[in-house]
Every structure is written in structure tokens, then in C-alpha cells.
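Residue numbers (our numbering), protein chains in the order written: chain A, 1 to 127; chain B, 128 to 556; chain C, 557 to 1122.
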Amino acid sequence: MILNTGRTIPQGNSVEFKPSPEYGAETSRAFLAPLDLMDMGIEAGDRVRIRCGSRSAVLTASASDDVLPGSLFVPYGPHANHVVPAATHGTGMPDFKGIAVEVEPTSDPVRSVWDLMEDLGGKRYDR
Amino acid sequence: MIVRDVICPFCACLCDDLDVHVEEGRVTGVDNACDLGSHKFMTDHRMEGPVRRTASGWQDIPLEEAIRETAELLQAAERPLLYGWSGTCGEAQSAGVHLAERVGGIIDATTSVCHGPSILAIQEVGHPGCTLGQVKNRADVVVYWGCNPQHAHPRHLSRYTTYTDGFFVKNAFKERRLILADIRGTDSTNVADEVVRLQPGGDYAVLGALRAIVRGKGDVVPPEVAGVSREQLFRIADLCKKARYGAFFFGMGLTQTAGKYKNIRNAIELVDELNRHTKWTLTPMRGHFNVYGFNEVCTWMTGYPYAVDFSRGMAFYNPGETTAVDILARKECDMCLVVASDPAAHFPAEAVEHLASIPVVQLDPFPNLTTAFARIQIPVAVSGIDAEGTAYRMDGVPLRLRKVLDRGYPDDVTILSEIARRIGEGGGA
Amino acid sequence: MTGLLIKNAYVIDPLNGIRGEVMDIAVRDGWIVESVQDGAEVIDAKGCLTLPGGIDSHTHICGTKVNFGRYMMPEDMRAGRTQRRGVMHSTSGYSVPTTYGNSYRYCAMGYTSVLEGAMAPLEARHTHEEFAATPLQDTMANTLFDGNWPVMEAVRDHDVKRAAAIVAWTLAAVKGFAIKLTNPGGSECWGWGKNVKCIRETVPYFEVSPAEIIEILVRANELLRLPHSVHLHCNNLGVPGNYQCTIGSMDLAPDLNPDRQSLYLTHVQFHAYGGTSWKDICSKAEPVACAVNQRPQITIDMGQMMFGKTTTMTADGPMEFNLYRLHHNKWSNHDVELETTAGIIPVYYSRTSVVNCVMWAIGLELALMVRNPWQCLLATDNPNGGPFIKYPEIIALLMSRRYREEELQNLAPGTMSRITLPALDRELDWHDIAVMTRAGQARALGIRSIGKGHLGPGAEADIAIYPLRVDETDPSRQYRDVIRAFQKTSWTVKRGRPVARDGEILVPGTNKTIWVKPKVPEEYDMGKDPEFARNFDRYYTVRMSNYPVQDLYLQRSLCMESEAQL
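Okay, structure coming up:
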């Protein structure tokens, strides 16, 4: 499927305080066409794993009529970026939209943003 | 106390008509702002003072020590990257450019993952633009392409386009036609007169087809282009040509998809072409409130809008090589100073990983995801709330951000100047 | 500050009637004085040519469109790079250098004051930010009123005093220096993709003509007692046959001021074309120069075009679009709400183009045929006619007939019949050059009173010492020496302090900006005019309270106040 990322109001509202649960929840949502959810045999609120090359992330599925079948929309943030490749094709800009990904249902939990950062070698700021 | 005509430091609309209520050093209310702007004024999760990451956890450190250590790290680095800048004022950006020059570093802004490709296109074919008041007072056709202003720039429609009357457009809602082009339905497509729903990655082809039609070569256009019917393409081309004044806005939908700057180039050349028939202008929907300011400051100081490498003692610019994501993904920099942005949240994981293996210092009022990689973070005042300075709107209009309260935090300019002073004293670099 | 003594200077100081004599110049606290005590720093000029600091009365170096020129042209930036060295920042750019690049290069040529030719009031803050990063010159900004809605409404009502009041409020608010009209009326038309051809056409909706805008603002300017006159970029720039429009514009200005011109026409080379198309374009420098000779109330600058690569940038938006359609190179445009517009395209002026050759000749013809050098100043409309680093070559061309003849050999075939330059024998002398590059500018801009453009006691100590012995140099033959000398001073002194030696910058410097504030009676204070304020907040996209440029943008501020006669 084709992954597109972009800004949303809830993402923007919480962008100044990313450790908040709201930010983590909003940026880990995957908006999919209802037909695609049916095909995968899952419902809104279930989880999907998206995979691109060796990287993957777990997201919470939402149904949206605004998304074309065959594609998914994820608000801009660390969850989507966990799979976005870094190649910029000489432009400085990675492909944040139009990325070919595999999507499959999963029972794994959605990780917190701090978990994601620690996966990458960071250390949670927990004060 | 109510502070009037405050400029909103959220997005590059820089709405300047906010009334901010301040009581006892806290913002208690904001009138006229959108949801995003109000949240920024009301949010209060600031870091209290400078911290250092140690093996055992986070440790408070004196400001003096944080500055000294930052200066030492910058000076010791062979190839430091100074990244961010869009969320601070021009004066801090200027201090940042001087600092980068001083230490022979690379300076880049969030531009490179935002409208960097737009700049590359402008460097190929130019930019027919205007200030937003031209659109408000004159435009009868407005196009938003690959952007969702209702979510990213919530007052854009009510201040500059669809919902605001202008001098020559007495009843905007009736007189202005709104065209939205997007691959998905959004709150913005919902209010449009004409929605162009194209297939992902189809922008270049659709813009090309429109150019062909405007040029009078419509016979080459097939029945359908990237999901858009020939009939609709002709209808839109006609609407555009018959406009008295047309305004074309575009966003990440063009800059971040395959084709990148070539998409923008096609959009610009469409607008050039339309100018042979009537009046058209084009404006990138810049995101952060002062991302354009960085481009302006960096340009008059170095000649280039972003991605400047000073390692040769002169300004060297080559996006794709000297841009932050590439520098990090190639594991090229050995130190990173992050100012007013959050690369850990917004960069691909592969680029973020490198931050874990080099010293990182961050100047930011809030703990954010980059904090997880910071050896030191210095909380600073928020530009436009407790620090003043210059910001450039998405159309290039410069405004003076106000300071509506004092929280006792130092501002970016103070910290950066102090770092520079210490490096100057230490000689070298 | 201890004093400075410049000994053995061969001084030409036209404003004080000094046409070349060896003397000492004493400086204390930044000003020229009768004498300084022992212990002052001494510079031995060794009999070399010493002039007041150069003044450029029309150049584009700072602000929105200049910066856009840099932004859109990395190729130009790459064409002129220098490394950080000593107190000098790194620089980039050939035709549109970075602010430091402009400042260092002007300084090396002995220029100490410059006037930015076009500032949109709404974007004035940007110009002032760049001024602050132009450390070695004093700066002034022409402020654009060509498409200003409230002004056009006042013009329509033939209300000179209201027009003056609007100008007064705006200039003080944006810390501008003078009234600039670029293609008056045309900018508003360009808001709809249209233009005016000459001074008698009508601007849609506002129902005013360019002629009316010019006439009313020339009178308003004198009511406000501004130091400079109206600064006009005529309508119809760059169009064959436009010379009549230019002469017609001159006729709009009566002689209203005994101290300077009443109307300044800028870059007249671009406005002195005959013919009907690019095919038959020819020089009309002669009738234009004659018109200037007959009108003491007019001063012009050459707008000389020099061959090579450069960038055109002007508030004449429609003209730039026409150029784009000719060149098919990249084109930028920037319309500013309620005020003005701007356009930018890169160009290459070629000796193989007859049109370019004619342009080159016209600028020189103007300077040689205007009898009084005080009425024709040296400029290229930097960078439009060519970058300012070409000024030394222009000086040499004006001083040497032999140099001109050599250059004429290289022009495109077919040029000679369209120009009069080959027939002109005149060779300007050192005094003429001193007038055309500093004294004349100071007089035209009205800044002699603040100590600019001369070297008498009371003058600000801005001084250029060139490595040239006038008594040993015949400019007619040794024009290469003239070029070399004017490219790089031995010393440039700014505000009493040596700032450059042999082209090396010695100090970081601090910019000073000169601006005007006409004092008007209460009833003409537009800040308190309800209609003005209401329309402002309704049609601009910034609030009136956020429009004025704060004092803190000016590192050093020199406000020239005047008592308006309203």
C-alpha cells in the first residue's frame, strides 16, 4: 500500500508537547479506506503493522472515506518516521508521501514515543 | 491585562490580530487565534532549567555550565551541524549563522524537510508571488494544491481568501471560486467549489496537462490524467484563464511526493503561462511561523536560503549533500546543535539514529523527542510569547513579534551570543 | 577618540570650491575640523587623489527583492565567493552580493553612503534588517509610493495636502528617506496584469494618471520640505520610443527648490530610446540631455549599462514580465498590497546584441551631453545596468575618448548608425568625476547639511584616498591606471576611522541609517485620521499598530526632521 503522512489539527495542537499521550495517540493513527479494513479483516481500533524494508511500526487503524483504497494516511510524527526511508534523491527531502509499505494486522501494542526514541538509542525524558 | 494586536507564533500566516489576556505572568485567554495558536499560548509544559543527561539520569546544571560545555563541544567538533531555526526569531537565526561561520559548521533549517524543494524549483524558474493582501483584495479564483489549510493554517481562508471580503471582492464567499487539489478528502476539500482528486504521485502529470491546455495544446491530453478526467481539466483551465486574478497556494503534497521540486516547477510554469492571459500569483504555504525568516536571514548573510556548509571558510550550498537529513543519514556530523525544532520527531529513523552517537545540545523551551538524544538541553523563552524579535510571514512580510509576558527564561539570542563569545575568547576554530 | 590627520592629500572638494590642491585634513570625533592636536593618528596621502567618501544615489542592495535575487540565483552567489578573513565575514555573489559583500566592495571603492533605490513600505523592516548587516556605509531608503491607494485617492481629489500627510506618516513609520515613484500608476495596473504606457493614461478604478501622481507628489514633497526631491523611475522603461515619455515627465516638475532639483529622474539610460521596436531602436540621448540642459530643476543619474552578466530587479513589475517573455529565463515577481510591485530576472548584456550596444552608448552619451555634471550623476542602477564594481570602468570611459574608441571597435555591427557616441569628443575631468560620484549626490539627496559629500570643517569624516597622482596621470591615455585606482582605495575613512586599507577591511563597522520625519500639524496626522485607520485595518493584512518599524532596527539612527508647511 501507499503511505502518505501529513499535518492534522490534533497533531499541531500537541506538537509543542510531544511527550503527551494526545501526541502519541494522534501520530500513531493510520487512516485507511473502509474497504481495505474489510479486506484485512479488521475494524477501526485494531492495530496494524506497517513495514518498509527492515523497519516497521505499529499503528491504530481508523476508517476514513477520505483515503483512497490502497493507501493509508498517518499524521506526521515519529511513528510514521519510523518507517520512512532517509534517502532524499539528492534533494534534501525524504519521501514523506507516496511510500510503498506492507500493511498487516497485528496484535502487538502501539509503542509510546519514548519507546520509539529508546529503540533508536535515545533516553526518555521522564521528569 | 490584555495585550492587543499580538502576532501569533505558530504558523507562517503570522496572524497579527490576537488579543492575549495575561494575568500574573500566565496567559489566561486568547481571542481571535485558531485552535493551534491558542494552544501554543496556553500550553505550559516548559522545562524548568538546563539539564544534562548522565548515565544515571537527568541532572540539573547551572546555565553557565551548560553554555560553557556547549561552546566546548562546538569548538571540539570537526563537522558540527546547527539545525532547526524555524521556531525562533530572525535575530537568533542571524546569531546562528554567525556561529556556524565561526566554527566552520553546517547550518540547515527545517526548510529542507518542508519547502526546500520549492526553493530548488524557484532557483530553476523563479517565483511569481505577492503579499497575501493582493489575494484578499483581488483574487476571484483561489487554488490550494496538495495542502490542507483548514488543519495546517486554520485562519488562512478567513484572513486571506475564501471567507474574507476584499477591496475589489466585496462578497468573497460568493465571488471567489475555490479549487482544491488533493489525493484525499479533507476539511479543506469539503469547502471547495471544485475538487481535483488525483492519484498519489499524479501531481506532475496533472499540472502538465493543465499547462498544455492553457497553452492551447489541449489535444494532447488523454481522457484521464492521474485520476482526473479530461473534462474536468478543461473546465479548470478555463476557470483559471477567465479569472480576473488567480492565486495558487501549495503545500507538502507537492514538495514531499515523488518528483519533489519538479512538481513545483511545473506549478510555477503553469502560473507563468496563465500570466500571459490574466493575473496569477503563487505562494508556498510555509509551515513554521518563521521558517521563511530563516531563509531570508541566511540568504542575505550567506547568499543561500538553507543548507550552508562553512567548512571551506566560505558559504557552500548543495542541497542533497549539505541538508540535515543527508548529513545525519551519512553519519557525517560529529556534533549537533538543535535550535527551535524537533528533528527526532520529524526525521526518518535512520537519520535520527545518528543523533544517539554524537553529542547533541538542544535549545528549546519544551522537552521534546530530541530531548531523548540531547546531552544538554537549555530551556529558552518562547519567541512571540516571552521573547520578541522579527518573523517573516509566508509571503515575506516581516513583523515584530511581541513579548507578552516574562517568565525569566533567557532568549535564544542571548544564549547563542554567549556561546559565540566563549568560542571567540577561546580562539581557535 | 583621538584625532586623525591626513597629510599631503590632493583634495578635490567641489562643494567647497576646491578643484585640486594639496592640503592636510584634520579629523576629530568623526568630524572634519580645522586642526587636531599632536598625538593624532597620521595618514600620509603622499599627494594622492583624496575625495569625500563616495555616495551612490541609486542602488539596490538591501530588501525584499534584492534578497529574492540572491535566493533565486545560487549561480550568482557561486560567482563571487570570499572566505572569512580577519574581521571580514565570508561573502557570496557577483551581481547581487550578500550584504557583507556589498558593504566590503563598496568600501574598498571608497563609497561610504548609499541609497537603496526602492523599499516597499510594508516590507521596510526587511530593508532595515539588511541595512544593519551593511556595516560600512550609511544607508537611506527610497520609499515606494507609485501604487499607494490612499495617495492615489488624494491625487484623484487633487488634495496635495492630504497626499503630503499620507507620505509624511508613511515615511516616518517605515523610516524611509524619500519619495520613490516607480512606473507610477503602473504598479496598480500590474495588480491586474496590465500596465500604463505613458503619463497620460488612466489607472483603472482610481481614475488618476501617472502625470497627476507625479505632479501632486512633487508639490507634496516640497510642502514637507524633505531633503531629497521626488525620485522618479519613469513610465515605459526599456521600451523603444520611450524618450518622449521621459521628456514629458520632466515637464511635470516646476522649479520649486533653490538648493536642489525638484525632480530626480533615475537610470535615464533605460528611458532614452528612440525607434518603434527592438529592430529599429536608437539613441535619443541627445534630446533627453538637451531637455535636462534646459531645466535646472531636473537631475538625472545615468543608469549606465555595462556588458556582462547581471540581474535586473525593479519595482517595475510589468517591465520585468516583458523581459521574461523576451529572455525566457527565470522570472520572479512580488506584488505588495496597496503599495507597489517588483520583478526580478537575470540578464546577460552582450556586445553581440545591437540593442545592448545602443544601451551602453546611451548612458555615456547622457553623461557627456548633459553640460552640468551636477545634473547627471554616475550610477548603473546597480545591479540593473551592471554591478557597481564597474563604476571605475565608467569613470575611465567618461575621462578617455581613446578608451571609448577602443570599446566602440568591439560593438555589434549596425550599432554606429544608431548612436552619437563616436562624435562626442568631451572628456570629463577629475572635478567632474568628483561631482558625479559624491558632491552631486550629496546635493541631490539634500544631505550636505548633515555633513555629507564634502571635506570642509563640519563635514562628517568620510574620506576616500585613491592610489593615484593626478599630476602624474593623463586619464585620456592612462585610463587603465584610472580604473585600477578607483577599484581600490589606499584608505577609506568612515566616520573618522580608517575602515579599509588597500581593499582590506579593518573594522567590523556599524551601520547608520538616515531617515526623515516631517512634522505636520495635528489635523494632518494620519495616525489619528479615522478614515485612514479604518481603511488600513480593512484592506491591509497587517494591523496598523504592527506596521511602523521600531527604533531598535536602526543601529545608529539619524532622523532628519522637517517642518512641513501644511
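Just so it is clear, CB atoms sit at the ideal spot from N, CA and C, and this is done for glycine as well.
Query                                                                                                                                                                                          : Result
Return yes when the Cβ of residue 72 of chain A is within less than 7 Å of the Cβ of residue 3 of chain A, no when it is not.                                                                  : yes
With 7 Å as the threshold, decide whether the Cβ of residue 987 of chain C is near any Cβ in chain B.                                                                                          : no
Taking the beta carbon of residue 1084 of chain C as the centre, do at least 16 other beta carbons fall within 10 Å, making it buried, or is it exposed?                                       : exposed
Tell me, please, which residues DSSP counts as bridged to residue 1114 of chain C.                                                                                                             : C:1070
Does the CB of residue 887 of chain C have a neighbour CB from chain B at under 7 Å?                                                                                                           : yes
Drop a sphere of 10 angstroms on the beta-carbon of residue 306 of chain B, count the other beta-carbons inside from all chains shown, and report buried for 16 or more, exposed for fewer.    : buried
At which residue ranges does the region 691–735 of chain C contain complete beta strand (DSSP E) runs of 3 or more residues, listed in the order of the chain?                                 : 694–700
My parser needs the beta strand (DSSP E) runs of 3 or more residues fully inside the region 372–401 of chain B; what are they?                                                                 : 372–377
List, in chain order, every chain C residue whose beta-carbon is nearer than 8 Å to that of residue 287 of chain B.                                                                            : 1097
For the alpha helix (DSSP H) that residue 300 of chain B lies in, which residues bound it at each end?                                                                                         : 299–302
Whose Cβ in chain C lies nearer than 8 Å to the Cβ of residue 422 of chain B?                                                                                                                  : 627
Among A:69, A:50 and A:95, whose alpha-carbon lies nearest the alpha-carbon of residue 473 of chain B?                                                                                         : A:95
Could you pull out every residue in the same chain whose Cβ sits closer than 6 Å to the Cβ of residue 258 of chain B, ignoring the five residues on either side in sequence?                   : 522 and 524
Rounded to whole angstroms, what's the CA-CA distance from residue 1018 of chain C to residue 585 of chain C? Just pull it up for me.                                                          : 12 Å
Just to check my reading of the structure: residue 431 of chain B and residue 630 of chain C have Cβ atoms closer than 8 Å, yes? What is that Cβ distance to the nearest angstrom?             : 6 Å
By a C-beta neighbour count over all protein chains shown, 10 Å radius and 16 as the cutoff for buried, is residue 511 of chain B buried or exposed?                                           : buried
Around the C-beta of residue 548 of chain B, are 16 or more other C-beta atoms found within 10 angstroms, so that it is buried, or is it exposed?                                              : exposed
List the residues of chain A whose Cβ lies closer than 9 Å to the Cβ of residue 180 of chain B, in chain order.                                                                                : 123 and 125
As an exercise, report each continuous beta strand (DSSP E) stretch of at least 3 residues that is fully enclosed by the region 193–260 of chain B, in chain order.                            : 207–211, 233–236 and 255–257
Quick check: is the beta carbon of residue 556 of chain B nearer than 7 Å to any beta carbon in chain C?                                                                                       : Because residue 556 of chain B carries a pLDDT of 39, less than 50, the predicted location of this residue cannot be relied on, and the following value inherits that uncertainty. For residue 556 of chain B, the answer is no, since every Cβ of chain C falls outside 7 Å of its Cβ.
Taking 7 Å as the CB-CB limit, is residue 1071 of chain C close to chain B?                                                                                                                    : no
In angstroms, rounded to a whole number, what distance separates the CA positions of residue 683 of chain C and residue 726 of chain C?                                                        : 15 Å
So that I know if they touch, is there some Cβ in chain B lying closer than 7 Å to that of residue 682 of chain C?                                                                             : yes
Does the distance from the CB of residue 380 of chain B to the CB of residue 274 of chain B come in under 7 Å?                                                                                 : yes
So, does the CB of residue 637 of chain C fall closer than 7 Å to a CB anywhere in chain B?                                                                                                    : yes
Can you give me the C-alpha to C-alpha distance between residue 146 of chain B and residue 130 of chain B, rounded to a whole angstrom?                                                        : 6 Å
What ranges does the alpha helix (DSSP H) occupy inside the region 43–103 of chain A, keeping only unbroken runs of at least 4 residues that lie completely in it?                             : 78–81
Please check if any C-beta of chain C sits within less than 7 Å of the C-beta of residue 527 of chain B.                                                                                       : yes
For residue 563 of chain C and residue 1008 of chain C, I'd like the C-alpha separation in whole angstroms.                                                                                    : 21 Å
Rounded to the nearest angstrom, what separates residue 268 of chain B and residue 869 of chain C at their Cα positions?                                                                       : 28 Å
Answer yes if the region 598–605 of chain C comes into contact with the region 1068–1083 of chain C, meaning at least three C-beta pairs across the two stretches below 8 Å, and no otherwise. : no
Given residue 1092 of chain C, which residues of its chain have a CB within under 6 Å of its CB, disregarding the five upstream and five downstream residues?                                  : 1100
What is the DSSP secondary structure of residue 122 of chain A, reduced to helix, strand or coil?                                                                                              : coil
Ordered along the chain, which non-local residues of its own chain (more than five positions away) have a Cβ less than 6 Å from that of residue 772 of chain C?                                : 711, 716 and 719
Please list, in chain order, the chain B residues whose beta carbon lies closer than 8 Å to that of residue 689 of chain C.                                                                    : 221, 427 and 428
Under 7 Å Cβ to Cβ from residue 927 of chain C, same chain only, skipping five residues before and after it: list those, please.                                                               : 849
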